[in-house]
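For the sequence shown, the numbering used here begins at -10 and goes up steadily by one.
All C-beta atoms in this analysis are idealised placements derived from N, C-alpha and C, irrespective of residue type, glycine included.
Since we're looking at a predicted model, the values are computed, not measured.
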Amino acid sequence: MKEQLDILGADFMAALAEVKSAEALKELESEYLGKKWKLKAILAGVKDLSIEDKKTIGVAANTMKNDFLSALANKAVEIEEAYFAQIEEKEALDVSLQYPSKNLGHKHPISHTTELLEDIFISLGFKIEDGPQVEDELHNFDKLNIPHNHPARDVWDTFWVSDDINDSKDIGERLLLRTHTSPVQIRTMMSQELPIKIVVPGRVFRYEQEDARHTCNFYQLEGLVVGEWVTFGDLKWTLDTVMKQLLGEKTELRFRPSIFPFTEPSAEVDVSCQICSGTGKVKGKNCSMCSATGWVELLGSGMVHPTVLEGCWIDSKKYSGFAFGMGIDRIAAQRFGVSSSRMFYQNKLKLNEQF
Ligand code: PHE
């Protein structure tokens, strides 16, 4: 009987090795351990054995049954793993696959110009900062010395978040789409140690009547330097250096007195027109880019107003700073010789593909 058991065990193992599917495994299980299981048939003869033999055969049969069960369980796991491995292989996604495409596209002229500007400023030791496009009134206006009802708010008229939201807010907390990147000056001065030397590229919004030079959404790059002994001369040198690097050594800058509530003194800065090389004429005709003046308005700038510094808990007797805000679109238009910066937002491939 022991022999019969051994043969049965060997048969089982051989049959199990052949099993490849969950169904076949089920069949094998019922064949050996089911109602009419083979082991049972062998055990039917046990009653004729001596008590001693009965014991040994009983134990051997039980052990065999348990061996069968665990072998079946292992096989089930093996089959399942093989099943998933095969699915994994079949459905694997090769992300490195090269697909020959004729037109991969390229960066938009505004992104390209932003990155060039960032690189130049980083090389001069500036850090890049960021701020929210949905800004509050305090940062966009009040802290920049433009209090509630100040007429200068008209110059920076913008889109406000819906009344349902803003009605429940206090003045100062009301939300709007930022009109300039200048609120990031405030955020930085209120949160960082001096000295500060940052530029902030970003999207801004205006409530504008659109024309060739005005869009209700455009890009600015803000600059802010605050520390001891920061002068207007530093501002001039910085802008001159950056514009020469960006547009070429022959580029000239012109500073015109101006007014901004958050800087004093203030200046608007023009750059010599790249289209007509500052002559105002192209092939004998008036240059349309600069309206034949030879100059293109590029940015606003000035020394940070003491009230703005004090509002950010900076001692205006000890520290000074300069700031500027330039229109990236205008710079891109100059660099790429595009006569209307509005064209950058019209998604015309014919325009974008030229650069
Ligand atoms: N924020 C101003 C504008 O959008 C530009 C500016 C920035 C002027 C910093 C002075 C200093 O017009």
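With contact defined as three or more Cβ pairs closer than 8 Å, the stretch 120 to 139 and the stretch 232 to 244 are not in contact.
With respect to W145, L165 sits apart: the two C-beta atoms are not nearer than 7 Å. Residue environment for A30: exposed (fewer than 16 other C-beta atoms within 10 angstroms of its C-beta). For H101, the shortest C-beta to heavy atom distance toward the ligand PHE is 6 Å or greater. The ligand PHE approaches G291 closely enough that one of its heavy atoms is under 6 Å from the residue's Cβ. In terms of Cα proximity to L287, the closest of R195, G34, Y208, E41 is Y208. Shortest gap from the CB of S247 to any heavy atom of the ligand PHE: 6 Å or more.
CA-CA distance, C262 to L82, rounds to 52 Å.
Put simply, of S180, E197, T177, E78 the residue whose alpha carbon is nearest the alpha carbon of T168 is E197. For T252, the shortest separation between its Cβ and any heavy atom of the ligand PHE lies below 6 Å. The Cβ neighbour count for S151, taken over all protein chains shown within 10 Å, is under 16; the residue is labelled exposed. Judged by DSSP secondary structure, A3 falls within the alpha helix (DSSP H) whose first and last residues are -9 to 7. For S330, the CB stays at least 6 Å from every heavy atom of the ligand PHE. A256 places its beta carbon less than 7 Å from that of G291. The count of Cβ pairs closer than 8 Å, one atom from the stretch 70 to 87 and one from the stretch 168 to 187, stays below three, leaving the stretches out of contact. Rounded to the nearest angstrom, the Cβ distance from V193 to G310 is 21 Å, too far for a contact under 8 Å. Secondary structure at M292: strand, using DSSP grouped into helix, strand and coil. In the DSSP assignment, I40 falls within the unbroken alpha helix (DSSP H) covering 40 to 80. Between V231 and I317, the C-beta spacing is not below 7 Å. Distance from the CA atom of I40 to the CA atom of Y21, rounded to whole angstroms, is 26 Å.
Here the distance from the Cβ of A141 to the nearest heavy atom of the ligand PHE is not below 6 Å.
E211 is a Cβ neighbour of G314, given a cutoff of 7 Å. DSSP lists L165 as the bridge partner or partners of E124.
By the CB criterion at 7 Å, I99 and E107 fall outside the cutoff. For T227, no beta strand (DSSP E) encloses it; the enclosing alpha helix (DSSP H) starts and ends at 221 to 236. Within the DSSP secondary-structure output, P190 pairs in a beta bridge with L210. Take P250, set aside five residues on each side of it, and the residues of its chain with a beta-carbon closer than 8 Å to its own are L133, N134, I135, H139, A141, H294, in chain order.
Of the residues assessed, P246 falls on the exposed side of the cut-off, its CB having fewer than 16 other CB atoms within 10 angstroms. Looking only at K54, V258, G216, the smallest Cα-Cα distance to L228 is reached by V258. By the neighbour-count definition (other C-beta atoms within 10 Å, threshold 16), Y308 is a buried residue.
D125 counts as buried, since no fewer than 16 other beta carbons sit within 10 angstroms of its beta carbon. Scanning its chain for C-beta atoms nearer than 7 Å, with the 5 sequence neighbours on each side dropped, one finds around M179 the residues C301, in chain order. In this structure, G267 and A281 do not form a Cβ contact; the two beta carbons are roughly 11 Å apart against a cut-off of 8 Å. Each residue's CA atom was taken as its position, placing K43 and A49 some 10 Å apart.
Distances between the C-beta of F130 and the heavy atoms of the ligand PHE are all 6 Å or more. By the criterion of a C-beta distance shorter than 7 Å, I154 is surrounded in its chain by L164, once the five residues flanking it on both sides are discounted.
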